Every structure is written in structure tokens, then in C-alpha cells.
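Q: For the record, in the sequence shown the residue sitting at position 97 is 97 according to UniProt numbering, with numbers rising by one throughout. Mind having a look at this structure? Questions to follow.
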Amino acid sequence: MRIEKDTVVSLQYELSDSSGNLIEKTEEPINYLHGGYDGIFPMVEEALHEKEIGYSCTVSMEPEHTFGEYDSSLVRLEPRNAFPENVEVGMRFEGAAEDSDDYLIYTVTDIAEDKVVVDGNHPLAGMKLNFTCTVIDVRPATAEEVAHQHVQGPQEHLH
């Protein structure tokens, strides 16, 4: 079966940076709904369109095609007393700028005596990434999957 709109694609993949350093590798195949549902990087979806089981490829993507350029304005210095006592570097939390309804996931990157540095960029922002994958399976999507615009059940889609 060919990969077309409204098919569920199962992939094994590896994600690496431009130097070849492995960032992520699947232990079990992931599934995504093909056809512009934002379940996988658009450039990967384009590379897989009309391919079949067994097809392998590597897609090299600039930051604007993955998690965006690094935006230094998303790094904020916050008062230490705005955080719980047990705050640690690496902790993540949801937050928004004052008078804003736009929430981001922030990561604590540094803690000083009375200040905490948080970064609202995705951890992979600003990085050129290589997505190497192999198509393991292709099947027609169910009506429910198309209606919900994502794969239902275990190993849903790449987040």
C-alpha cells in the first residue's frame, strides 16, 4: 500500500543533529496520520508521500522546518521566590508573559541566589536536524482517526 492522504504510517526513526549526534531513537515504531495533520515534520511527510513499506530516507531540516530559530527574547530572569523551594535546573513548567494568554513550556536553565533563569525555546530550537526513518507499515486510517485528525490507540503520533 502506498502512503497517501488518510493513511496511518508506522515508522522506525532516528533524530540526530547536524554533527550526527543521536538525539532520539525509537524502540518501537511510531504511527502518524498522513495528509497534513501535523503529526510529523512536514518535510518528512513530503518525503514519504507515495512511498511504500520498506522505504528508508534521511531528511535534513533547517530550524525553520522543525522547532524554529532560537529566540533569545524567550529567556527570562525571574525572582527566586516565584518558584517552589525544590526548583531545579531542568524542571519544566507552563507559563505566560504578563497580560498574555500565550502559554509556553519553560525550562529552568540556571538558579542563582535570588534569581531563576527560564527558557521558553524548545530544547531543539535553532538546530539543524536529520530525521532518518524506515516505513514499517501503512494502512488506511479509520473514519474516527480522520475525524479526530490523529491515530487512535497505542504509539499514536510524534509529538
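Glycine residues also receive a C-beta, built at the ideal position from the N, C-alpha and C atoms. Quick caveat, the model's predicted, so the values are computed rather than measured.
1) From the DSSP output, read off the bridge partner residues of Phe-93.
2) Considering only C-alpha positions, which residue in the set Val-75, Glu-46 and Cys-57 is nearest to His-65?
3) Which two residues bound the contiguous beta strand (DSSP E) that contains Glu-24?
4) Applying the criterion that 16 or more other CB atoms from any shown protein chain within 10 Å of the CB defines a buried residue, is Leu-15 buried or exposed?
5) On a CA-only basis, which of Gly-90, Asp-38, Gly-120 and Val-135 is nearest Ile-30? Give me that one, please.
6) For a test of the three-state rule: what should DSSP assign to Arg-76, helix, strand or coil?
7) Can you tell me whether DSSP reads Met-61 as helix, strand or coil?
8) Quick one: what does DSSP say Gly-31 is sitting in, helix, strand or coil?
9) Exposed or buried, what is Phe-93 when buried is set at 16 or more other beta-carbons lying within 10 Å of its beta-carbon?
10) In this structure, does DSSP put Glu-144 in helix, strand or coil?
11) Report yes or no: do the stretch 108-127 and the stretch 28-42 share at least 3 C-beta pairs separated by less than 8 angstroms?
A: Let me lay it out:
1) Tyr-106
2) Glu-46
3) 22-25
4) buried
5) Val-135
6) strand
7) strand
8) Reading off the sequence shown, one finds Asn at residue 31, where the question assumed Gly. Note: Asn-31 maps to strand in three-state DSSP.
9) exposed
10) helix
11) no
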